[in-house]
Amino acid sequence: EIIRPIFDKECQNTTIIDGTSLIQALHQYMRKGLFKSTTLFCTFDIRNLYTMLPQEEALNVLVEFLHVHGYTKVKGIPLETIRLLASIVLKENVFVYGKKIYQQVLGGAMGSSFTLTLANIFMWKWQKELVRRQDMTCEYYGRYIDDVFMTWNKSENALKQILDNANTWHSNIKLEYKIGKSLPFLDVLLTNINGTLSTSVYHKPAAEPYVVPFISDHPRHVFENIVQTSLRRAIKYSSTFQLFNDERRYIKSTFLYNGYPSSFIDKTFRKFFSGYISSRSFLPFLDNERQFSQIRIALSGQPSRQQSQVEMRIATLTNDNEHLIEDSDKKREFSIPENKKPNEFQNKLIIHYTHEKRFNTRKRDLHCTFQEKFANTPIIETKLIIGNRNRINTMKELIRKRPRQAMLKNKDETSMINEKKSRL
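Each residue of the sequence shown is one higher than the one before, counting from 1 in UniProt numbering.
So this is what it looks like as structure tokens:
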């Protein structure tokens with residue numbers, strides 16, 4: 001929570017947040033007149049980055065990263081303490097396998113948010129030479145964790161030589177690269193067609209066309225959001241009206257495959273399009289390229305969910321140069337008197353319940369009961385807000401993530417001797 005916002009802020013020029021941010025970065029590259037018919041794309045990924053991080057070296061790079069960007073403290077915590085805390089999180093990872101307890105001595109825990117941040121910071125150090133080379137030639141370099149995208153306007157052999165050399169920079173960092181004029185990156189397919197950038201949604205060949213089934217026990221708005229999110233991505237990624245229509249057909253067939261009624265899909269399509277264009281058409285698709293361009297321009301100005309999350313994390317950083325305060329520890333204190341602090345929950349009664357289809361009238365019933373019981377009383381001025389939570393994932397409920405407590409206890413000598421005798 002305290003390190004990730006710093007990385008987001010200091011490395012935003014070389015960070016790819018999602019497919020939308022990559023397309024936006026390449027459009028800036030094109031506006032500079034650097035995109036040519038001969039421009040090559042290069043993608044490469046780091047093999048097993050999380051599990052190959054050298055622990056001590058990664059901790060040293062973390063402290064170096066903070067020093068380079070002027071931090072002696074973060075949120076009042078000295079760098080020595082941050083390194084110690086990071087060491088505990090990184091090194092104190094154990095797991096049970098075959099009735100034995102193992103400790104991780106290389107890399108970090110998969111799925112840990114700190115491992116993700118530390119891997120990003122480690123790559124900040126590793127990629128410095130590549131970034132310097134790209135900056136010198138005004139080429140683009142962007143990285144999404146362990147996946148890198150680059151542009152190139154020199155010979156393909158020269159690029160291969162640089163990448164082969166990069167494979168020798170660190171014994172634990174090995175990359176596998178692809179070079180061409182049409183390459184996928186994340187969920188977007190990028191193609192150089194005679195100096196024109198073509199982009200579209202990319203579906204991995206091995207990916208199965210599954211989404212949340214329509215028969216699953218979710219509120220109706222969840223299904224609408226899934227359909228609209230797919231449409232929004234299709235419009236943002238598709239550089240032409242034809243590419244969008246191809247993706248729209250793919251979206252509809254996918255949802256039909258997952259049990260969504262055709263009428264529900266068409267209604268959601270029309271609802272989405274009507275939010276951006278005024279049309280009397282009853283057809284669940286756009287009539288012409290002008291309408292498509294109109295919606296695409298409107299959506300291009302809206303940040304994606306991932307971009308908004310990064311901006312919010314950066315906004316959590318202090319604005320009073322707290323990281324530059326070394327000895328005095330003097331901080332400005334902005335305090336609001338207790339009696340003047342705004343209370344956003346004042347005069348509100350908020351109730352949440354786990355959604356089930358058999359309780360589809362619960363919201364209406366609760367509102368009716370509230371109105372009947374508290375009519376003509378001061379309580380009626382209270383605003384009743386009823387929300388629902390999605391059901392817990394069944395797969396998570398059925399998985400035992402922690403080993404049984406008995407497996408984590410050391411056996412006494414007597415029981416171990418008896419166990420050996422029984423085996424004999």
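Cβ atoms here follow ideal geometry from the backbone N, Cα and C, with glycine treated the same way.
These figures come from a predicted structure and were not determined experimentally.
When K348, T191, P5, D45 are compared against L26, the one with the closest alpha-carbon = T191
Whose C-beta lies closer than 8 Å to the C-beta of E326 among residues of the same chain, with five residues either side of it excluded?
-> Because the pLDDT of E326 is 43, which lies under 50, any placement of that residue in the model is unreliable, and the number read from its coordinates should be weighed accordingly. T72, K73.
Within this structure, are the beta carbons of L175 and F44 separated by less than 8 Å?
-> yes
Evaluate contact between the region 245 to 264 and the region 217 to 237, counting only Cβ atoms and requiring at least three cross-stretch pairs below 8 Å.
-> yes
Best match in N93, I121, K100, E224 for proximity to G108 [C-alpha to C-alpha] = N93
Three-state class that DSSP yields for F41 in the structure shown = strand
Go ahead and label residue 426 buried or exposed: buried means 16 or more other beta carbons lie within 10 angstroms of its beta carbon, across all protein chains shown.
-> This structure cannot settle anything about residue 426, because the visible part of the chain is limited to 1 through 424.
Beta-carbon separation (whole angstroms), F214 vs Y260, contact threshold 8 Å = 5 Å
Among F65, D147, S238, I173, which has the Cα closest to the Cα of V188?
-> S238
Rounded straight-line distance, which links the Cα of R31 to that of L286 | 29 Å
Inter-residue spacing [alpha-carbon to alpha-carbon] between R220 and E356 | 11 Å
Taking one C-beta from the region 132 to 152 and one from the region 199 to 212 each time, how about it: are there three or more such pairs within less than 8 Å?
-> no
Look at the Cβ atom of E139, then the Cβ atom of M123, and state whether they are nearer than 8 Å.
-> no
Do C138 and the ligand PLP come close, with the Cβ less than 7 Å from some heavy atom?
-> Summarising the ligand content, the structure contains no ligands, and the ligand PLP is consequently not present.
Do you know how far the Cα of D217 is from the Cα of N157?
-> 55 Å
Given a threshold of 16 other Cβ atoms within 10 Å of its Cβ, counted over all protein chains shown, does G301 qualify as buried or as exposed?
-> exposed
Identity of the residues DSSP links to I46 by a beta bridge = L175
Please list, in chain order, all residues of the same chain as L256 whose beta carbon is under 8 Å from its beta carbon, the five residues on each side excluded.
-> S262, I265
From the DSSP output, in three-state form, read off I265 for me.
-> helix
Is Y353 buried or exposed, if buried means 16 or more other CB atoms sit within 10 Å of its CB?
-> exposed
Give the DSSP-derived three-state secondary structure of L256 in the structure shown.
-> helix
To the nearest angstrom, report how far apart E381 and I350 are at their CA atoms.
-> 14 Å
Anyone know if the C-beta pair for D8 and V310 falls short of 8 Å?
-> yes
Would you say L40 and G195 are within 8 Å of each other, going by their C-beta atoms?
-> no
Of the choices L118, S304, Q228, whose alpha-carbon is the least far from that of K267?
-> Q228
Distance between I16 and Q307 (C-alpha atoms, nearest Å) | 10 Å
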